[in-house]
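Engineer: Dropping a structure here in structure tokens format, bear with me for questions.
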Amino acid sequence: TSPATVEAGQPALFSVTCPDAVKHLTWDAPDAGVKDYNGTQLTAIFPKVGKYDVTLTASDGTDANKVTVKRTIEVTPAADFSADFKASLKQVPAGQRVSFIPTQPVSGYRYEWTIEGGDVTSSKAVSAATTFQTIGKHKVTLKVTSTAGEEKTQTQVIDVAEVRPEADFNVLTPVVLRGDTVRVKDETKFGPTDWKWILSSPNKNYLVSGRNVEFKATEPGVYDVSLTASNNVGTSSNVRNRGLVVVNADSKSGLSFNSASSRVVLSKSPLTEEDKNFTVEWWMNPSKLTDFCCGIGDDDANFLIKTNAAGQLIVSKGGRQVKSNNDLVVAGEWHHYAVVVQNNNVIIYRDGQKVFSQYALNAIKGLNSFAIGASAADMSGQIDEFRVWGTPLTQEQLQTWGNEPLDVNAADVKAADLRVYYDFNQNSGNVQDRGANANHGTRLGFGPDGDAWPLSKGVFSLNFSNKGTADVTRTYLANAKNQFRHTNVQMNDAKNGRWYELKDWKLENEVKNGKVITGACFDAVKNGNFTVATGWDGFADLKDHKVYQVVKLPAGLYSLTVTYGQHDQADGSFLVVAAGNKLPDTDNLSTAIASQRMEGKANGGTNTLHFTLDKETEVAIGMVVNMTGQRIFCITDFMLTKGDFEELQGVNKLTGILAPQRFNAEQGTLFDLSGRRVFETRPGNIYIENGRRVVK
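For the sequence shown, my numbering assigns the number 237 to the initial residue and increments by one for each residue that follows.
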């Protein structure tokens, strides 16, 4: 079979069907450059217009039996073609990839691209693409050559403009051991020329200038990583909260609870009715929060620690409940938690800081059992470094022991009556108690061992050094503690001599109604505190009421802490710091340098706002208040602390491993043949040690 006609330059397909006796098939099409071609099919291209013969000779392998068939094909003029092409962008940001595509591509034609100023300057593909780094106008030329040798050319001009960078980066080492190397790779688009990095945690801060970050981590902590990239056009920023974790020690593995039925039942309860003083502490990274989850203990009638969907840590002691504030327990994050019972006082800690305390008279009743993942509240996610003590640990002890593996033979550990210690550094079996009491835990409802013992990277990441942190309240804030200074202007004549205008604080969006001005004021009845009230004594509701001071602060990491007096009904209000001399409305808090929602934390409780400045900046610092109905909160003092930066120079090119990594295993670390880290070996098994197979 053969086509009757074909366009010049386009492929024509010829094929044959023949009996089995045919052994040889030979094609000839001299005008298509084909001679003595063997096969059942022929694809030929005729470059010129005209009529041409195609000959096929079939034989059984002898000269005696040959058959020759001739077909004539008419080659018609090729369709008109062009070198027209489209660019995906005519005005291209420097650094942005742009593509070039012919409008009428023709199969078999030759395409040649010439691209001035591009990273790719030439191409012989049908389509082309490149990135322009140089600002200005650049010519892009396409030459198309037909099979007949006809050429057509088109040139377009691409305008490459400098635009504001789009900051982006990749933390290659999201979890590192103290002393190991931190590597962060810049991936900013659109021609950045300057890079400013801030790695900030509550007690250690780094300021890095340069394209990429590479340095030895000296202080543990959970760091926010921010990049500000700029060029002649503008600046953009990108922040990864908790983007880098530096740990104080290798926590090895933890225990993962992947099912609602997963639990660890202790062989005996570590607590009894006689225990009036004790501590339960653990590291936890919940996979999700639901009502009645993350349970430790027995049940509500006896003793149970659990969490609800709002992130409250709830301690039930003899049927009496103590609840923390919302969002104390966070899904997807490692934190250290501790419950200390001292006589009738229940104290809750997170990350070594006291966050809640409440009197609970009821005593623990006889515990029927003690489990991690109690039947009344299943455990979800991962847990590590679980300990029960027969004494109420101090904050100093929690901060020290909660940030490193325990030495169970240390004298101070023994003196504190360690009753249970699960480090979960194993690969199979029931949970081993590393302490002296052999209170091992039976695992129930778990899947394969490989799913139950993942590495617990992120544990032991606390830092209490407070290096370089100073109280700078008096240096930058005026009238910041009680007795707050005031003018003689009364804010409310309903209570003569009580409410007065504050000195040194700017107010916006206060509500004026006759002789009653609703807003922040001095309160003589509340011990001279800074007070905001609504609904009482004729005070109106408040929306976006702003009370602040404008100050110029040098570069540093800052914390603004406010302490409640008698009343704490500030929910819905925010601590805010913003560049310039104004605070934004609540709906625009994303434009602020930083903001923190205020929570009720009782008399003496605190709210803290952390923020970072990489250069001297004029800022407005204070509160945006939203209150309705009969509500009131009092502030006894504002405290501003400043932490210094360690300034480092970045690098143009990173060294070492550039794929995302966690901290490297120490020499001598063992792995099984599937790559899982091994903490307990079995005689005769094969392991990987220092890259080699070994038998233990």
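Ideal Cβ placement from N, Cα and C applies to all residues, glycine included.
Would you call GLU854 buried or exposed, if buried means 16 or more other Cβ atoms sit within 10 Å of its Cβ?
Structural biologist: Exposed, since its Cβ has fewer than 16 Cβ neighbours within 10 Å.
Engineer: When the distance is taken between beta carbons, is HIS374 closer than 9 Å to VAL407?
Structural biologist: No, they are not a contact pair.
Engineer: Excluding sequence positions up to five away, which residues of its chain have a Cβ less than 7 Å from the Cβ of PRO790?
Structural biologist: Around PRO790: GLU852.
Engineer: Could you tell me the alpha carbon to alpha carbon distance between VAL551 and VAL577, rounded to whole angstroms?
Structural biologist: Looking at the two C-alpha atoms, the distance is approximately 10 Å.
Engineer: From the DSSP output, read off the bridge partner residues of TYR288.
Structural biologist: Bridge partners of TYR288: ILE309.
Engineer: Going by beta-carbon coordinates alone, are GLU450 and PHE622 separated by less than 9 Å?
Structural biologist: Their beta carbons are not under 9 Å apart, which means GLU450 does not touch PHE622 by this criterion.
Engineer: So the beta strand (DSSP E) ALA856 belongs to, where does it begin and stop?
Structural biologist: ALA856 -> beta strand (DSSP E) spans 853-863.
Engineer: My understanding is that VAL328 touches PHE282, with C-beta atoms under 8 Å, so please give their C-beta distance in whole angstroms.
Structural biologist: 42 Å between Cβ atoms; not a contact.
Engineer: What residues are listed by DSSP as bridge partners for GLN589?
Structural biologist: Partner(s): ARG586.
Engineer: Is the CB-CB distance between GLY609 and ARG499 below 9 Å?
Structural biologist: The answer is yes: Cβ separation under 9 Å.
Engineer: Quick check: the Cα distance between VAL935 and THR891, rounded to an integer number of angstroms?
Structural biologist: Outside the displayed span of the chain (237 to 932) sits residue 935, for which this structure offers no information.
Engineer: Could you compute how far the alpha carbon of TYR784 sits from the alpha carbon of LEU778?
Structural biologist: Their backbone Cα atoms lie some 16 Å apart in a straight line.
Engineer: Where are the beta strand (DSSP E) runs, 3 residues long or more, that stay fully inside the segment 721-774, in chain order?
Structural biologist: Here the runs fully enclosed are 722-726, 735-738, 742-744, 747-749, 752-754, 757-759, 765-770.
Engineer: Under the three-state reduction of DSSP, which class applies to ARG447: helix, strand or coil?
Structural biologist: Correct three-state label for ARG447: coil.
Engineer: Please determine, among LYS379, ASP740, VAL258, the residue with the shortest C-alpha to C-alpha distance to VAL303.
Structural biologist: Comparing Cα positions, the closest option is VAL258.
Engineer: In chain order, what residues of the same chain lie with their CB nearer than 7 Å to the CB of VAL311, ignoring the 5 residues before and after it?
Structural biologist: If we look at VAL311 and ignore the five residues flanking it on each side, its Cβ neighbours are VAL242, ALA244, PHE282, LYS284, VAL285, GLY286, TYR288.
Engineer: Find out if the Cβ-Cβ distance for the pair LYS432, VAL418 is shorter than 9 Å.
Structural biologist: Taking 9 Å as the Cβ cut-off, LYS432 and VAL418 do not qualify as a contacting pair.
Engineer: Could you spell out where the alpha helix (DSSP H) holding ASP804 opens and where it closes?
Structural biologist: Element bounds for ASP804: not the alpha helix (DSSP H) but the beta strand (DSSP E), 792-804.
Engineer: Comparing alpha-carbon positions, which option in LEU825, VAL786, MET859 lies nearest THR797?
Structural biologist: The candidate whose alpha carbon is nearest that of THR797 is MET859.
Engineer: Report, in whole angstroms, the separation of the C-beta atoms of LEU680 and ALA612, which I expect to be a contact under 8 Å.
Structural biologist: So it is not a contact: roughly 15 Å between Cβ atoms.
Engineer: For LEU680, which beta-bridge partners are listed by DSSP?
Structural biologist: DSSP lists ARG499 as partners of LEU680.
Engineer: Please state the DSSP three-state secondary structure of ASP267.
Structural biologist: ASP267: helix per DSSP, three-state reduction.
Engineer: Helix, strand or coil: how does DSSP classify LEU634 here?
Structural biologist: Note: LEU634 maps to helix in three-state DSSP.
Engineer: DSSP state of SER826, grouped into three classes?
Structural biologist: Helix at SER826.
Engineer: Identify whether ASP807 lies in helix, strand or coil by the three-state DSSP scheme.
Structural biologist: It is coil, neither helix nor strand.
Engineer: Which residues in the same chain have their Cβ closer than 6 Å to the Cβ of VAL482, if we skip the five residues on either side of it in sequence?
Structural biologist: The answer, listed in chain order, is VAL412, ARG414, ALA453, PRO456, GLY457.
Engineer: Assign VAL380 to buried or exposed, taking buried as 16 or more other Cβ atoms, counted over all protein chains shown, within 10 Å of its Cβ.
Structural biologist: Per the 10 Å Cβ criterion, buried.
Engineer: Evaluate ALA756 with the Cβ neighbour count: other Cβ atoms within 10 Å of its Cβ, from every protein chain shown; 16 or more gives buried, anything less gives exposed.
Structural biologist: Burial call: buried.
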